[in-house]
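Counting from 1 along the sequence shown, just add 1248 to a position and that's the residue number in this note's numbering.
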Amino acid sequence: MKACTPGPVPPSGGGTYPNSFPPLAEGVLDYAVYMLDPAGNVVSWNSGAERFKGYTAAEIVGSHFSRFYAEEDRRSGLPARALDLALREGRFENEGWRVRKDGTRFWAHVVMEPIRGPDGTLLGFAKVTRDLTRRREADEQLRRSQEETRLLVQSVTDYGIYMLDPEGNVETWNAGAQRIKGYTAEEIVGQHFSRFYTEEDRATGEPQRALATAVQEGRFEKEGWRVRRDGTRFWASVVIDPVRGPDGALLGFAKVTRDITERRDAQIELERAREALFQSQKMEAIGQLTGGVAHDFNNLLTAVIGSLELVRKRLPPDEKNLLLIDNAMQAARRGATLTQRMLAFARRQELDPELASVAELVAGMTTLFDHTLGPSIVLDVDCPPSLAPVRVDVNQLEMALLNLVVNARDAMPRGGTIGIAASEVEAGPTSPVPLPAGRYVRLSVRDQGHGMDATTLARATEPFFTTKGVGKGTGLGLSMVHGLAEQLGGRLQLESAPGAGTTASLWVPVAGGADVPSQRSPSASALEATSLHILAVDDDALILVNTAAMLEDLGHEVTTAYSGPEALAALSRMERVDLVVTDQAMPGMTGTELIAEIRRARPDLPILLATGYAELPNGEGADIPRLNKPFLQAHLGQAIADVMRDRNRSS
């Protein structure tokens, strides 16, 4: 059999095919442009077809075009359907896999159109194929990237990530948005995003401003309250970015929301802790300053009161200057009261604790309240007698309660009701005041006055801070109550708001352990003590001279020393010493250090410590008898009598 080279097949209608393409088609390299006869056999072949299909014209002309299809497409009859569609619809266009000569595949874009003669006879088909493999790979890569991004966005649960259309309606919805806001995609897609805003924000147009800002500035970022599906609120961090097309047209908005309620709460708690620490440090610094000033002032008052008392005793009864001395003594005693309040704030006053019933204490003061408050004030008392006892200095607590009641009265110049209530409460981590866990009695005084703003409330317990007019208050009342509460192991709590009145509450620990006996009040018998040989020690000459004068006036023999070492030297020279009276705050050697030295050599020698401080460093001097400054001669005599009586009992 003679081999022959396939060539163009004449059309059945008697027409003829050109033997070659026009020069334009022949020179096209990016497109495969070729002709098929009515049966689908290749009758022409250009350079572009040869370049990306791999066949030369001699190899492919006369072959059926189905050779370029994948095996599965040939089995499914796709080539025949392509010819049929081209005939019926006048055009066939499709994309799909095609096969090169070497068996590799490429992604082809195919256009096929029927070619007819002047009389309408089908002459064949014009077929244009383009290799879009690279574009398809890029499209596929883009699709995978978009799908990965979609899956990533959908899997994020810590952020609500979704799209809005240009009007603000929700178009997409991820798992984070559902977790944070509570809506499923079916419930929220198509709804306006303003649904997540609070009612007050919607009323002020906040959602519209957010979109407008994003459009104008290219980004909107803010924190604020948002509303979940169940109506609860959360603190959200929101970012909105406009999404634009290639032509700059606004396509919508990308919105990212994060629930930062816990972070905000933690920041608020941190700020509160910082503020509490700052306030504590400030009050501690003020307390140290106040305590130091009060201590020095006490020393001066000790000399003033003692000297006035001695001078008055030595003047005849009809002396005209007695009135002036009594006036000076009254002023000095008021000064002593002032220093006691300052020491109370600084927690350095000497307390005389004993078991007490708050209900009985309040009941015992009702008559005093009636005289103090006046007819325009109604007193409402609710203090059940079943309350557990507390360990307090009764006099100091009564003074504190009186201060609170007077403050409540002054806050209501036109009258009103003052409520005094007591209840037993349990302190713990959730208590409104920071206190060690345990049981407390809360004693509250409530008024219906004008109240205090936050700034005033923050400074209310500072010494010398007052909102009363000039001459109507020292500014030490609340600071004294604050210091007393702290010294008792409790806390003063103030609750107030403008126009809502004020409630001042004293939290006092419930008592435990044995009772502590109170001091005996001065008695005349103390002035009749046997004459003693006393060593008086103080670094302040004014006080030492005054103390020595008081002691001598009581009939004692006195040796003085201005320091601890000088006192030890004097003791070694004195033939007889019955008692040592020493100050605490002295340079070089404190009173407690001096006492320790004395007790090493003479453990049985009675000692009296005169000081204005309640607490000594490192808990020293707990077993040392004390005399509080400033003191009257009667107090001094009583203290000496007590010390000597205790010595006689133990010997």
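For every residue, glycine included, the Cβ atom is placed at its ideal position computed from N, Cα and C.
Since this is a predicted model, take the numbers as computed values, not measurements.
In the displayed model, Leu1799 falls within a helix according to three-state DSSP.
Around the beta-carbon of Asn1896, fewer than 16 other beta-carbon atoms lie within 10 Å, marking it exposed. The beta carbons of Phe1482 and Asp1513 sit no closer together than 8 Å. Looking at the backbone, the Cα of Val1291 and that of Ile1363 are separated by about 13 Å. With a threshold of 16 other beta carbon atoms within 10 Å, Ser1744 meets it and is buried. In the structure shown, Ile1782 adopts extended strand secondary structure according to DSSP, grouped into three states. Secondary structure of Val1828 (DSSP, three-state): strand. The Cβ atoms of Ile1666 and Arg1694 sit closer than 8 Å to each other.
Annotation: Gly1424 is outside any beta strand (DSSP E); the continuous alpha helix (DSSP H) that includes it extends over 1423-1429. In terms of Cα proximity to Ala1702, the closest of Gly1686, Pro1746, Gly1737 is Pro1746.
Taking the Cα of Arg1378 as reference, the smallest distance to any Cα among Glu1307, Ala1297, Leu1627 is reached at Ala1297. In this structure, Gln1741 sits near Ser1753, with a CB-CB distance shorter than 8 Å. By the neighbour-count criterion, in which a residue is buried when 16 or more other Cβ atoms sit within 10 angstroms of its Cβ, Val1729 is buried. For a cut-off of 8 Å, the C-beta gap from Val1638 to Ala1685 is around 17 Å, too long to register as a contact. Rounded to whole angstroms, the separation of the alpha carbons of Gly1288 and Tyr1282 is 11 Å. Around the beta carbon of His1883, a 10 Å sphere encloses 16 or more other beta carbons of the protein chains shown; the residue is thus reported as buried. Between Met1613 and Leu1549, the alpha-carbon positions lie close to 30 Å from each other. Under the three-pair Cβ rule at 8 Å, the stretch 1312-1323 counts as touching the stretch 1345-1354. Closest in C-alpha terms to Ala1817, from the list Met1411, Ala1784, Leu1645, comes Ala1784. The Cβ-Cβ distance between Ile1846 and Val1828 falls below 8 Å. The beta carbons of Ala1815 and Val1806 sit no closer together than 8 Å. Look at Val1681 here: in three-state DSSP terms it is coil, with no helix or strand label.
8 Å or more divides the Cβ of Tyr1431 from the Cβ of Thr1505.
When the alpha-carbon of Leu1621 is set against those of Asn1655, Leu1609, Leu1635, Ala1607, the nearest one is in Asn1655. Residue Leu1780 holds the alpha-carbon nearest to the alpha-carbon of Arg1824 among Thr1840, Leu1780, Val1793. Residue state for Thr1509 is assigned as helix, using DSSP reduced to three classes. In terms of CA proximity to Ala1305, Ser1295 leads the group Thr1778, Arg1323, Ser1295.
At a Cβ-Cβ threshold of 8 Å, Trp1755 and Ala1789 do not count as neighbours. In the DSSP assignment, Met1360 falls within the beta strand (DSSP E) that extends over 1353-1364. Here the C-alpha atom of Leu1726 lies approximately 11 Å from the C-alpha atom of Leu1650. Spatial neighbours of Val1358 in its own chain (CB-CB distance under 6 Å, excluding positions within 5 residues in sequence) are listed in chain order as Asn1342, Thr1377. Within its own chain, the residues whose Cβ lies closer than 6 Å to the Cβ of Arg1450, once the five positions on either side in sequence are excluded, are Ser1442, listed in chain order. Within 10 angstroms of the beta-carbon of Val1626 lie fewer than 16 other beta-carbons, which makes it exposed.
Between the C-alpha atoms of Ala1844 and Leu1802 there is a straight-line separation of about 28 Å. Taking C-beta atoms as the reference points, Phe1354 and Leu1284 fail to come closer than 8 Å. Classified as exposed, Phe1526 has fewer than 16 neighbouring CB atoms from the shown chains inside 10 Å of its CB.
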